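Structure first, then comments.
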Amino acid sequence: AELVAAAAAAPAAAKKSKKTTGLNEAPRFGRVRSNLKMGVLGLPNVGKSSLFNLLTEQSAAAENYPFCTIDPNESRCPVPDLRFDWLCDLWQSPSRIPAYLHITDIAGLIKGASEGAGLGNAFLSHIQAVDGLYHVVRAFDNPEVIHVDDSIDPIRDMNTIMYELCRKDTVYVDSMRAKREADVKKDPKNKLPPVFFTVMDKVKDMLDKNIPLRSGTWTIEEVAKINELVPQCITLKPIVYLVNLDSKSFKRKANKWLVPINEWVTAHGGGQIIPMSVDWEQGLWRVKDDPVAKEAYLAETPGCKSVLPRIVKVGYNVLNLQYFFTAGDTEVRCWTIPAGVCAPEAAGVIHSDIERGFIKAEVCSFEDFKTLSNGQKSMAAVKAAGKYRQEGRNYVMQDGDIVHFMFNVTAAKKK
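Heads up, my numbering is the position in the sequence shown plus 2, with the first residue counted as 1.
Now the structure itself:
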């Protein structure tokens, strides 16, 4: 139960911290873009594809044998948000577009994947292509669902995954270092700076010890150098651990593996942990369109509710994404942006001409609009209260801003 509470509190804390975050304040690994992806990984038959199907409402193969997923399945799922729902109810617009989280279902890894075992090298390349990871950990025992190692041991499974990811990163880092050093030999005038050796030696040492790179203590200069030299390292990616329990354990919020898993995660770079049960979620999914059956299903497990919305929200947050709203009679829409971008860059998500011809942004927070509008489709009361602001180019966008951009494009874009 403590793990559930901690996982639930984490995304709320992340949202709170974003209010003061700028891109130049907190160096981050990886790409700074609005179309980032979460990948679902784990050993075969731990519930990855079944979870992917639940999140994205698809029917990806989820058969009971290793490697039933070979090519990665990609889809997206809406990010649940009561603010968006409230705006849709108010405006009753014909077009309603929520924020989406893009998710990739990656085939199961096995021991030796970094050396090509199973279909390992292809799978590890698929992991490199995403920006954050859902690591599904099997903590349920079901003789009808085979385990690739013939027994249930989440700690062993997590050690296997961590080892394979670190080995893949080691091969990648060694190749990037060799390439840079070869370039210097060709042209001795291009000397490598001291920070190159400091960073590469530290990276290699951590990987040799099976320590994920994201858990290291890095300076701003070192982060920039890592993003330049080895941006595709898998262990740089943020990770969310999804502990797949049997229905019985999920209902009573207890399982013998939860404490050992928490201790392992703490000792291996940290990360958010969300206990869940694919089996229980599938039962709820089957009755989702029958209100009476759904109510009866939930009544059997008082205090239990779907954790799928929280999984989506946490994934969105660990990618450092947020969104602003545009709302009117024709459309209510969420626009995804990286946390910390300024108003012109946010305008460019709508259209490049708006960014190019940016004049100002007329902004109010969702909370102010909901409190002051009295349920009216008007900003008049918000303006009267002094909460409707005009912001310039240096304004850092806040999560949940309601925005109207003013722009003027008088000339063709320069080629």
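C-beta atoms are modelled at their ideal positions from N, C-alpha and C, and glycine is treated no differently.
Predicted, not measured: the structure shown is a model, and the values here were computed from it.
Near residue i, which residues of its chain fall below 8 angstroms by C-beta distance, leaving aside the five closest residues on each side in sequence?
i	result
Ser308	Glu283 and Leu286
Thr332	Ser95, Pro96 and Ser97
Secondary structure at residue i, three-state DSSP: helix, strand or coil?
i	result
Gln324	strand
Val316	helix
Val81	coil
Gly377	coil
Gly41	strand
Ala345	helix
Cys90	helix
Thr237	helix
Asn246	strand
Thr412	coil
Ile275	strand
Pro293	helix
Ser153	coil
Lys170	helix
Gln400	coil
Ser217	helix
Ala131	coil
Glu224	helix
Val365	strand
Phe371	helix
Thr268	helix
Ser308	coil
Arg358	helix
Asn212	coil
Gly350	helix
Ser36	coil
Lys425	The structure shown does not extend to residue 425, since the chain is modelled only from 3 through 417, so no value can be given for it.
Val48	coil
Distance check for residue j and residue i, CA to CA, integer angstroms please.
i	j	result
Phe86	Arg335	8 angstroms
Arg98	Gly330	10 angstroms
Glu347	Leu43	32 angstroms
Trp2	Ile352	The first residue shown for the chain is 3 and the last is 417, placing residue 2 beyond what the model contains.
Leu260	Leu247	9 angstroms
Gln274	Thr172	25 angstroms
Ile313	Ala386	39 angstroms
Leu310	Leu56	8 angstroms
Leu323	Leu89	20 angstroms
Glu302	Lys50	26 angstroms
Arg35	Leu321	10 angstroms
Phe31	Glu297	44 angstroms
Glu183	Gln130	24 angstroms
Met381	Gln400	18 angstroms
Pro80	Pro100	6 angstroms
Ile305	Glu224	First, the residue type needs correcting, since residue 305 is Gly and not Ile in the sequence shown. Near 46 angstroms, if we compare the C-alpha coordinates of Glu224 and Gly305.
Gln58	Lys315	As written in the sequence, residue 58 is Thr, which differs from the Gln given in the question. Those two C-alpha atoms are separated by around 14 angstroms.
Pro46	Gly271	23 angstroms
Ser52	Arg78	15 angstroms
Val48	Gly134	19 angstroms
To which residues of the same chain is residue i closer than 7 angstroms at the C-beta, ignoring the five residues directly before and after it?
i	result
Glu2	The chain is shown only over 3 to 417; residue 2 falls outside these bounds and no answer can be derived.
Trp266	Ile157 and Met160
Val384	Cys366, Asp370, Phe371, Leu374, Ser375 and Tyr390
Check each candidate in the options and name the one with the smallest Cα separation from residue i.
i	options	result
Lys227	Asp210, Leu209, Ile241 and Val205	Val205
Ile157	Val245, Gly350 and Gly402	Val245
Lys255	Trp220, Tyr165, Ile163 and Ala141	Ala141
Val411	Thr58, Asn161, Ile241 and Ile356	Ile356
Asp370	Ser354, Ala341, Val405 and Ala180	Val405
Phe498	Val280, Phe360 and Glu297	What is shown of the chain runs 3 to 417, which leaves residue 498 out entirely.
Leu84	Leu300, Val267 and Gly402	Gly402
Met164	Pro196, Gln400 and Asp210	Asp210
Leu238	Ala109, Asp159, Glu166 and Pro214	Pro214
Leu92	Val242, Asn376 and Leu167	Asn376
Thr221	Thr200, Trp266, Met208 and Pro240	Thr200
Asp207	Asp189, His137 and Asp176	Asp176
Thr268	Asn37, Leu374 and Tyr243	Tyr243
Gly317	Lys290, Val48 and Tyr136	Tyr136
Asn103	Gly388, Asn319, Thr328 and Lys379	Looking at the sequence itself, residue 103 is Leu, so the reference to Asn does not match. Out of Gly388, Asn319, Thr328 and Lys379, Asn319 has the C-alpha closest to the C-alpha of Leu103.
Thr162	Asp143, Asn144, Val138 and Asp185	Val138
Arg216	Lys193, Asn192, Ile241 and Leu194	Ile241
In the DSSP assignment, what residue or residues form a beta bridge with residue i?
i	result
Arg98	Val334
Arg140	Asn246
Ile339	Gln324
Asn75	Asp107
Gln284	According to DSSP, Gln284 bridges with nothing at all.
Ala329	Val334
Val405	Val365
Glu393	Ala363
For residue i, decide whether its Cβ has a neighbour in chain C, counting only Cβ atoms nearer than 9 angstroms.
i	result
Asp143	This model lacks chain C altogether, as it is built from one protein chain only.
Among the residues of its own chain, which have a CB less than 6 angstroms from the CB of residue i, if the five just before and after it don't count?
i	result
Thr1	In the structure displayed, the chain extends from 3 to 417; residue 1 sits before or after that span and is not available.
Met408	Ile361 and Lys362
Met202	Arg179
Tyr325	Ala101, Cys336, Trp337 and Thr338
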